[in-house]
């Protein structure tokens, strides 16, 4: 270590004498709660200015250059003291603290450059032949030495985190070991080494990587999002099917491949990042025959609970009721239909109090396809109620034979006259009651509901009128 300044040496010897009196008192007996007390022998000391009534200041190293960097763990040999008592004996790499009547207090103080790091823990490796020892820390908040102990084992440690401030004006931490004579019993302690563990503020990170390929092949899948949780970080596979998270802190994580078009094996992977990169986190994907999409308000906010009605269309454009399916949007406004087969379809969103754009979409399915909608909340007339199932495949093929889709405005209205088919789907209690009366009067019997109407349609229509319409 560097040459000890005379003023600092004199001060520390006096100060440690004060500490000894404070710890043991005039009787030479340990005081209560001495294992976790903060002593204040330098009351009213102006530490930064180097002023202390009747005593020299703590080590004044403000004029010395601060260290630029420091190791996370610094270990000094017992003999590498910054300052030691006059009778402390360096023996090889160790420091022997042997008390006696002429020397009742022996100590070794060590200097650790912090370099801006945060000190975490000070620990010692000692051999105790007789007696006990204490650890001391220079606290620049309190203007005092913190004393902890006594200890009698071969190792001891103390945290160097706040509330104490152990970073001196010169950017160093001062800590050491004291041996003391108690009740005419001497202590003999050999310091082998002392260690300071500090945090340099640099978080060590590692990479997590893998490859996603098509199931049963080596064909890479490009553009697949992979999410790393916690953190919700997302990376996307490149043309080679590779992905990588390049700056992952140590910890436990879950990898989740995400695609509406593929199912993955395994669906997730749990990984632990310790002290090295994690590679080989691979997935294989099988393409899903999927129709999917989302419903958003103003194109931004998800709309939950929207009934999405899907019907297959025959070659002549009529509805194939056997292909009717329904899904409901989740909290993210998303929906999906699995197991799709190629063909022509009609998809209609419905939710009480909402209108959608587009209100109907017809398309040809040939592979995983997205279909999105925008919803707007509206106020319906009191007489109008939505039925989430009736419009897309029942009212249109039956009722639109009279209420022709080519017509517009009031010509397409159902009762009440102010309700437009395009806006509200044409379903209302008044219309329902009207249809029921017409059937009972024989003017609209189920057997003659229109050309090409199947018995399945007729039965479902009657069930709707009887408030028994099924969910699917």
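In this note's numbering, the protein residues as written are 3 to 474.
Every residue gets a Cβ at the ideal spot worked out from N, C-alpha and C, and that includes glycine.
Spatially closest choice to residue i from the options, by CA coordinates
i, options, result
"residue 350", "373, 333, 367", "373"
"residue 354", "380, 375, 94", "380"
"residue 134", "101, 162, 244, 217", "101"
"residue 95", "305, 79, 112, 171", "79"
"residue 208", "177, 125, 253, 234", "253"
"residue 163", "142, 103, 271", "142"
"residue 153", "338, 213, 97, 125", "125"
"residue 210", "244, 173, 168", "244"
"residue 151", "99, 181, 378, 375", "181"
"residue 359", "338, 305, 345, 344", "305"
"residue 291", "205, 369, 77", "369"
"residue 202", "116, 98, 283, 217", "116"
"residue 265", "303, 217, 377, 284", "217"
"residue 223", "166, 167, 205, 284", "284"
"residue 303", "93, 376, 205, 206", "376"
"residue 76", "346, 198, 344, 219", "198"
"residue 167", "107, 136, 148", "148"
"residue 301", "341, 288, 378, 282", "378"
"residue 136", "256, 317, 183", "183"
"residue 288", "219, 361, 362", "219"
"residue 371", "99, 93, 107, 344", "344"
"residue 317", "256, 346, 341", "346"
Assumed close pair residue i, residue j - CB separation to whole angstroms, cut-off 8 Å
i, j, result
"residue 273", "residue 267", "The pair is not a contact, with the Cβ atoms about 17 Å apart (cut-off 8 Å)."
"residue 315", "residue 364", "7 Å"
"residue 239", "residue 286", "Incorrect: roughly 12 Å between the Cβ atoms, too far for contact."
"residue 175", "residue 114", "4 Å"
"residue 161", "residue 123", "6 Å"
"residue 296", "residue 336", "5 Å"
"residue 178", "residue 112", "6 Å"
"residue 339", "residue 327", "6 Å"
"residue 97", "residue 90", "6 Å"
Buried or exposed by the 16-neighbour rule on C-beta atoms within 10 Å, applied to residue i
i, result
"residue 119", "buried"
"residue 231", "exposed"
"residue 367", "buried"
"residue 276", "exposed"
"residue 278", "exposed"
"residue 200", "buried"
"residue 81", "buried"
"residue 170", "buried"
"residue 242", "exposed"
"residue 74", "exposed"
"residue 138", "buried"
"residue 145", "buried"
"residue 236", "exposed"
"residue 356", "buried"
"residue 270", "exposed"
"residue 173", "buried"
"residue 103", "exposed"
"residue 233", "exposed"
"residue 121", "buried"
Chain B contact for residue i (CB, 8 Å cutoff)
i, result
"residue 314", "In the structure shown, chain B cannot be found, because there is only a single protein chain."
### Query
Three or more C-beta pairs closer than 8 Å, one from the region 113-129 and one from the region 185-196: is that the case here?
yes
### Task
Kindly confirm or deny that the region 310-320 and the region 328-343 touch, where touching means at least three C-beta pairs closer than 8 Å.
yes
### the region 254-265 contacting the region 220-228, beta-carbon criterion three pairs below 8 Å
yes
### Query
Would you call the region 175-190 and the region 249-256 in contact, with 3 or more CB pairs under 8 Å?
no
### Message
Which complete beta strand (DSSP E) runs does the region 129-179 hold, if anything under 3 residues is left out?
### Response
135-141, 146-153, 157-161
### Task
Kindly provide the ranges of any beta strand (DSSP E) runs that are 3 or more residues long and lie completely inside the region 285-322, ordered along the chain.
285-289, 292-299, 309-315
### Task
Please confirm if the region 81-94 is in contact with the region 148-162, defined as three or more CB-CB distances below 8 Å between the two stretches.
no
### Message
To test your reading of the DSSP string, which unbroken beta strand (DSSP E) runs of 3 or more residues are found completely within the region 212-288?
### Response
227-231, 235-238, 244-250, 253-260, 264-267, 271-275
### Task
Scan the region 64-118 and note each continuous beta strand (DSSP E) run of 3 residues or more that stays entirely inside, going in chain order.
75-79, 91-93, 96-100, 107-115
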